[in-house]
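The sequence shown begins at 58 in this note's numbering and counts up one residue at a time. These notes concern the structure reproduced below.
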Amino acid sequence: MVEPDAADRLGRRTMPGTATVWITGAHGGAGESRIAALLDGARVTDHCWPVLQDGSTPRVLLVCRADMRGLTTARNALTQWASGAAPTLDLLGLAVLADAPGKTPKSLRDFAAIVGGGAPRLWTLPWVEAWRHGDSTTPPRPREYQRFITDLAALATDTAPRTTNRKVSP
58 MVEPDAADRL GRRTMPGTAT VWITGAHGGA GESRIAALLD GARVTDHCWP VLQDGSTPRV
118 LLVCRADMRG LTTARNALTQ WASGAAPTLD LLGLAVLADA PGKTPKSLRD FAAIVGGGAP
178 RLWTLPWVEA WRHGDSTTPP RPREYQRFIT DLAALATDTA PRTTNRKVSP
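Below is the structure:
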């Protein structure tokens, strides 16, 4: 697999401390901090692949918005990961957050499904109106979020081997 151009890659950042899961936004406004606030022990990486100071392999959730820019940057990040150009990490999946209230247009839903096919798991999450008005204390009610939170909590504490991007020498 060919890695994306340098301009289309996420950077790397050495992260101090620990997290149950590192939340990596594929672009600005992806929803990193919103998602991290939902998950106990999660931390944001500020749109960079995390490299841990202790050399351990981080568990990472990639997030993006469901608009063309967000999905394109997520596609580039997943290509970077799959090509081995990202640092070694356990990618848990991709969370695509709605970018507007209402139903996402079919062309974007279809593109999200294609992009999400490059991740170990795909969660498509609906719009949360309370977030638009600054309410970050009320957990979102849609069942998709409850399922997502349950899935991530299980994945973050699971000790089974993950889908990594480690290159294996013959």
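Ideal placement from N, C-alpha and C gives every residue a C-beta, glycine not left out. Computed from a predicted structure; not experimentally measured.
Exercise for the section: Just mark M58 as buried or exposed, buried being the case when its beta carbon has 16 or more other beta carbons within 10 Å. Expected result: Along the sequence shown, one-based indexing puts residue 58 at 1. Using a 10 angstroms sphere on the CB of M58, the tally of other CB atoms stays under 16, which defines it as exposed.
Handout entry: For G112, three-class secondary structure by DSSP
Key = Here residue 112 refers to the residue found at position 55 of the sequence shown. Assignment of G112 by DSSP, reduced to helix, strand and coil, places it in the coil class.
Handout entry: Nearest-angstrom beta carbon gap, V120 and A94 [assumed within contact, 8 Å]
Key = For the purposes of this step, residue 94 is identified with residue 37 of the sequence shown, where counting begins at 1. For the purposes of this step, residue 120 is identified with residue 63 of the sequence shown, where counting begins at 1. Separation of the CB atoms of A94 and V120 is rounded to 12 Å, and the pair is thereby denied contact status at 8 Å.
Practice task
Using the Cα positions of G74 and L109, report the straight-line distance between them to the nearest angstrom.
Solution key: Within the sequence shown, residue 74 is the residue found at index 17, counting from 1. Within the sequence shown, residue 109 is the residue found at index 52, counting from 1. C-alpha separation (whole angstroms): 8 Å.
Exercise for the section: Verify the contact flag: G112, CB atom, against every heavy atom of the ligand GTP, threshold strictly below 6 Å. Expected result: In the structure on display, the ligand GTP does not appear, and there are no ligands present to speak of.
Exercise for the section: Go ahead and pull the three-state DSSP assignment for I206. Expected result: Indexing the sequence shown from 1 puts residue 206 at position 149. In this structure, I206 counts as helix in the three-state DSSP scheme.
Problem - Where R223 falls: helix, strand or coil (DSSP) - result: Locating residue 223 in the sequence shown gives position 166, where the first residue counts as 1. Caution applies to R223, whose pLDDT of 48 falls short of 50 and renders its modelled position unreliable; the model cannot decide the point.
Practice task
Mind checking which residues open and close the beta strand (DSSP E) that includes R70?
Solution key: Mapped onto the sequence shown, residue 70 falls at position 13. Where R70 is concerned, the enclosing beta strand (DSSP E) stretches over G68 to M72.
Exercise for the section: Could you check if E89 is buried or exposed, using at least 16 other CB atoms within 10 Å of its CB as the buried criterion? Expected result: Position 32 of the sequence shown, counted from the start, is the residue given in the question as residue 89. With 16 or more Cβ atoms within 10 Å of its Cβ, E89 is classed as buried.
Exercise for the section: Out of A211, L118, H84 and G86, state which residue places its alpha-carbon closest to the alpha-carbon of R100. Expected result: Indexing the sequence shown from 1 puts residue 100 at position 43. For R100, the nearest C-alpha among the options comes from L118.
Problem - Secondary structure of P61, DSSP reduced to three states - result: Within the sequence shown, residue 61 is the residue found at index 4, counting from 1. If DSSP states are grouped into helix, strand and coil, P61 belongs with coil.
Practice task
List the residues that DSSP assigns as beta-bridge partners of V78.
Solution key: In the sequence shown, counting from the first residue as 1, residue 78 sits at position 21. Partner(s): A99.
Exercise for the section: Let me know if I171 comes out buried or exposed under the rule of 16 or more other beta-carbons within 10 Å of its beta-carbon. Expected result: Along the sequence shown, one-based indexing puts residue 171 at 114. Under this definition I171 is an exposed residue.
Practice task
Measure the Cβ-Cβ separation of A155 and W184 and say whether it is below 7 Å.
Solution key: Numbered from 1 along the sequence shown, position 98 holds the residue referred to as residue 155. Numbered from 1 along the sequence shown, position 127 holds the residue referred to as residue 184. Their beta carbons are under 7 Å apart, which means A155 touches W184 by this criterion.
Practice task
Can you grab the Cα-Cα spacing for the pair L179 / E201, in whole Å?
Solution key: The residue given as residue 179 occupies position 122 in the sequence shown. The residue given as residue 201 occupies position 144 in the sequence shown. Distance between the alpha carbons of L179 and E201: 12 Å.
Problem - Buried/exposed call for T207, threshold 16 Cβ in 10 Å - result: Residue numbering aside, residue 207 sits at position 150 when the sequence shown is read from its first letter. With fewer than 16 Cβ atoms within 10 Å of its Cβ, T207 is classed as exposed.
Problem - Integer-rounded CB distance, given that D124 should sit under 8 Å from L165 - result: What you label residue 165 is simply residue 108 of the sequence shown in a count that begins at 1. What you label residue 124 is simply residue 67 of the sequence shown in a count that begins at 1. Confirmed, Cβ separation roughly 7 Å.
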